[in-house]
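**Student:** Quick one: this structure, given as structure tokens, is what I'll be asking you about.
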Amino acid sequence: MPRAFTPKVITANDLLEGDVIYFTADDTWTRDMSEAELITDEAEAQLRLIEAEKQNLKIVGAYLADAKAGPNGPEPTHFREEFRRTGPSNYFHGKQEAQANV
Amino acid sequence: MYKYNEFDEAFLAERNAQFRAQVERRIDGSLTEEEFRPLRLMNGVYLQLHAYMLRVAIPYGTLNSAQMRQLALLAEKWDKGYGHFTTRQNIQYNWPKLRDIPDMLDALGEVGLHAIQTSGNTIRNTTADHFAGAAKDELMDPRPYAELIRQWSTDHPEFQFLGRKFKIAITGSPNDRAVTKAHDVGLRMVQRDGETGFEVIVGGGLGRTPLVGKVLREFLPQADLLPYLEAILSVYNVLGRRDNKYKARIKITVMENGIDTFRAKVEEAFLTLRAQFDGTDQALLEDIKQHFAAPDFRSGSTEAFDAAYDTDPVFRAWADTNLTEHRKDDHAIATISIKAHGATPGDATAEQMRVMADLAEQYAYDELRISHQQNVILPHVHKNDLPAIHAKLKQHGLATANVGLISDIIACPGMDYCALATARSIPVAQEIATRFDELKMEHDIGHLQIKISGCINACGHHHVGHIGILGLDRAGVENYQITLGGDATETAAIGTRTGPGFAYDEIVPAVERIVEVYMAQRESADETFLETYRRIGMEPFKAALYPEAQKKVA
């Protein structure tokens, strides 16, 4: 039996700001991972990545990152993606700071 | 220190204008990311986990107060109010916006600083002994040679597309504080028959294949420095592998070809190249040397220093750990620790940078140094000024008396910032420093260097730490390997792994157990951790770290 496909989100960095962004189901970018499109099919993931990369004027380095479904939308499965959606642990900077300012 | 001439200023202004246009072309879509990436890297612009990062060179670790104030301005105006000093005498800004970077580079240009060749497969910032020009044990100030190398290597057309990055370090002292044996090329000043020249070391490096450099030439006359370096680089450029990124550094080239073959090829190339140098470099060197003339040291009694040392225990503790002998008896070299317990190693706020700039201007002949150990140095201070300096440092969280001690930790940015990292380094450093501060043990423990890297690339120099810590990703969880017995000095050695790694919440207790073994086993308080390790070997430490394994054997 083929190995089960781990669901993915498409993530990148914003060209101008450099911050972490995620690709949504309606082909836009969000700064909130929970609003990202969770892709559960392997072939679909590659097609969606090509779609995302069409927007390379606005983004840098799109890739597929492992994710899982959570109660409020996609969540990371690996600590690297957890840091990317939160910010560094030594200062309250990055996304955690931005969210606190909302 | 070196002051840019008209040519330097024009070159830098043009280069910055080019980069500004490249940024605009990336934004308007004329350049793809694939086209833009090598251009931004040549100018020190990385894309990290959360943002862009700008790496600015601090050539041979030397700054004046105006430059330090400008670094503070960048931190405040375009970043989040701080900068991070690195293990290669650079400063990194972790949060710049792409559109702001050309302005940041222009601001740096105003004070003679740049970010050129702080990345990419080129000759990087040449690092030097951070006590250069001040150390008592020094034969000659190495910085004019480092500046000569900077000018020669900047935009050198033959060496802009090397197989891999290339790092040079230089020291003028027999006590190596510049880690010359862990660089692609290390230059150590030595004397022979009354003449001062260089011992040339090649093929050292850390990363996934840690190697102590080998002596390529025991004595190189000073005048032959550039043609000889050019010979090394040209041989490497031809012989070095380009098929495999992990085998592309010169250390692999030397290993695969053998040091004797490599040497023969360098000497052959050198004969040709030396004939092409017409003495212009030597004339330039003489000019550069004028810029590095020692300051006009003042004289006077050291009464105020002596009085403070005798009566103020806090000052005395700081003086005992953070001062180093200066070549002039009534002066001292003062290291300002930017490793307050629990703080991020190497980070300084804009305010702290300004305080250090003010102190340099007022007391230290306008000179500052940045060390590969991620601290800041006032290289020339009359001893009588030290109490006033210490008082000012205390007000700004800069008076930590821990230089060379267990909390004076080198740590790379790790997974908190770096796109290459496999685990965090900074919080591990913070917790070790906090723990040993709570135990109030570190002065008793004495000289002990902990160096932490968050991936195998070893920016945190873990292989040459007395205790080295390497953070890895093991099946999606942070895991930390420990090495013992590394040495970053003239007796350079690569540390030995203790055994299996430790989980994030196990690493601080593991370090504590290692220190307990040392404290129990040392023959006296004068025997350092490294000396004890060399005497008793790995086994007692292993027994303390892996009691379960020991039981199984028994």
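In order, the protein sequence lines correspond to chains A and B.
Reading the first sequence from the start, the letters are residues 83 to 184 in my numbering.
Reading the second sequence from the start, the letters are residues 1073 to 1626 in my numbering.
Where a beta carbon is used, it is the ideal one built from N, C-alpha and C, also for glycine.
Hey, quick one: how far does the alpha helix (DSSP H) through residue 1137 of chain B stretch, first residue to last?
**Tutor:** 1137–1150
**Student:** Run down chain B in chain order and give the residues with a C-beta less than 9 Å from the C-beta of residue 114 of chain A.
**Tutor:** None at all; the shortest Cβ gap to chain B is about 15 Å.
**Student:** Taking only three categories from DSSP, how would you classify residue 1363 of chain B?
**Tutor:** helix
**Student:** When you compare the CB of residue 166 of chain A with every CB in chain B, is at least one pair closer than 7 Å?
**Tutor:** yes
**Student:** Check each candidate in B/1614, B/1480, B/1359, B/1525 and name the one with the smallest Cα separation from residue 1507 of chain B.
**Tutor:** For residue 1507 of chain B, the closest C-alpha among the options B/1614, B/1480, B/1359, B/1525 is that of B/1480.
**Student:** Is there a Cβ from chain B that is less than 7 Å from the Cβ of residue 108 of chain A?
**Tutor:** no
**Student:** Assuming contact is defined by CB atoms lying nearer than 7 Å, are residue 1496 of chain B and residue 1488 of chain B in contact in what I supplied?
**Tutor:** yes
**Student:** Quick one: is residue 157 of chain A near chain B, going by C-beta distance under 7 Å?
**Tutor:** no
**Student:** For residue 162 of chain A, which residues in chain B fall below 7 Å Cβ to Cβ?
**Tutor:** 1487
**Student:** To which residues does DSSP link residue 148 of chain A through a beta bridge?
**Tutor:** A/90
**Student:** Between the Cα of residue 1366 of chain B and the Cα atoms of B/1216, B/1354, B/1102, B/1522, which residue gives the shortest distance?
**Tutor:** B/1216
**Student:** How would you call residue 1525 of chain B, buried or exposed, if buried means at least 16 neighbouring beta carbons within 10 angstroms?
**Tutor:** With 16 or more neighbouring CB atoms inside 10 Å of its own CB, residue 1525 of chain B falls in the buried class.
**Student:** At a CB distance below 8 Å, what residues from the region 126–151 of chain A approach chain B? Give them in sequence order.
**Tutor:** 138, 139, 142, 143
**Student:** With a cut-off of 7 Å, does the C-beta of residue 1105 of chain B fall near any C-beta of chain A?
**Tutor:** yes
**Student:** Put residue 1042 of chain B into one of helix, strand or coil per three-state DSSP.
**Tutor:** An answer regarding residue 1042 of chain B cannot be provided, because it is not within the stretch 1073 to 1626 covered by chain B.
**Student:** For residue 1052 of chain B, which of helix, strand or coil comes out of DSSP?
**Tutor:** In the structure as shown, chain B starts at 1073 and stops at 1626, and residue 1052 of chain B therefore has no counterpart that could be examined.
**Student:** Quick one: which residues of the region 84–109 of chain A get their C-beta closer than 8 Å to a C-beta of chain B? List them in chain order.
**Tutor:** Cβ contacts with chain B: 95, 97, 98, 99, 100, 101, 102.
**Student:** Which chain A residues are close to residue 1124 of chain B, counting only those with a beta carbon under 7 Å from its beta carbon?
**Tutor:** 100
**Student:** Write down every uninterrupted run of the beta strand (DSSP E) in the region 1499–1535 of chain B whose length is 3 residues or greater and which is fully enclosed by it, in chain order.
**Tutor:** 1522–1525
**Student:** Identify whether residue 1286 of chain B lies in helix, strand or coil by the three-state DSSP scheme.
**Tutor:** Here residue 1286 of chain B carries a strand assignment [DSSP, helix/strand/coil].
**Student:** Find the residues of chain A that neighbour residue 1550 of chain B, judging by a C-beta separation of less than 8 Å, and give them in chain order.
**Tutor:** 161
**Student:** Residue 1304 of chain B to residue 85 of chain A, Cα distance in whole Å?
**Tutor:** 50 Å
**Student:** Using a beta-carbon distance below 7 Å, is residue 183 of chain A in contact with chain B?
**Tutor:** no
**Student:** Can you tell me whether residue 158 of chain A is buried or exposed, with buried defined as 16 or more other CB within 10 angstroms of its CB?
**Tutor:** buried
**Student:** Should residue 1112 of chain B and residue 1236 of chain B be called a contact, given that it needs their Cβ atoms to be closer than 7 Å?
**Tutor:** In this structure, residue 1112 of chain B sits away from residue 1236 of chain B, with a CB-CB distance that is not shorter than 7 Å.
**Student:** Could you tell me the distance, in whole angstroms, from the CA atom of residue 1392 of chain B to the CA atom of residue 181 of chain A?
**Tutor:** 45 Å
**Student:** With 8 Å as the limit, tell me which residues of the region 1087–1101 of chain B have their beta carbon closer than that to any beta carbon of chain A; keep them in chain order.
**Tutor:** 1098, 1099, 1101
**Student:** Report yes if the C-beta distance between residue 1255 of chain B and residue 1241 of chain B is below 7 Å; otherwise report no.
**Tutor:** yes
**Student:** Can a CB atom of chain A be found closer than 7 Å to the CB of residue 1174 of chain B?
**Tutor:** no
**Student:** If you reduce the DSSP assignment to three classes, tell me which class residue 1271 of chain B lands in.
**Tutor:** strand
**Student:** Using a Cβ-Cβ cutoff of less than 8 Å, which residues in the same chain neighbour residue 1220 of chain B once the five nearest sequence positions on both sides are dropped?
**Tutor:** 1297, 1298, 1353, 1356, 1357, 1360
**Student:** Do residue 121 of chain A and residue 90 of chain A have their beta-carbon atoms positioned less than 7 Å apart in this structure?
**Tutor:** yes
**Student:** Does residue 1170 of chain B have its Cβ less than 7 Å from a Cβ in chain A?
**Tutor:** yes
**Student:** Taking all protein chains shown into account, do 16 or more other C-beta atoms lie within 10 angstroms of the C-beta of residue 1523 of chain B, making it buried, or fewer, making it exposed?
**Tutor:** buried
**Student:** Grab me the residues of residue 1530 of chain B's own chain with a C-beta within less than 6 Å of its C-beta, minus the 5 sequence neighbours each way, in chain order.
**Tutor:** Short of 6 Å from the beta carbon of residue 1530 of chain B, and not among the five residues preceding or following it, lie these beta carbons of its own chain, in chain order: 1278, 1279.
**Student:** Within a Cβ cutoff of 7 Å, which residues of the same chain sit near residue 1376 of chain B, ignoring the five residues on either side of it in sequence?
**Tutor:** 1456, 1459
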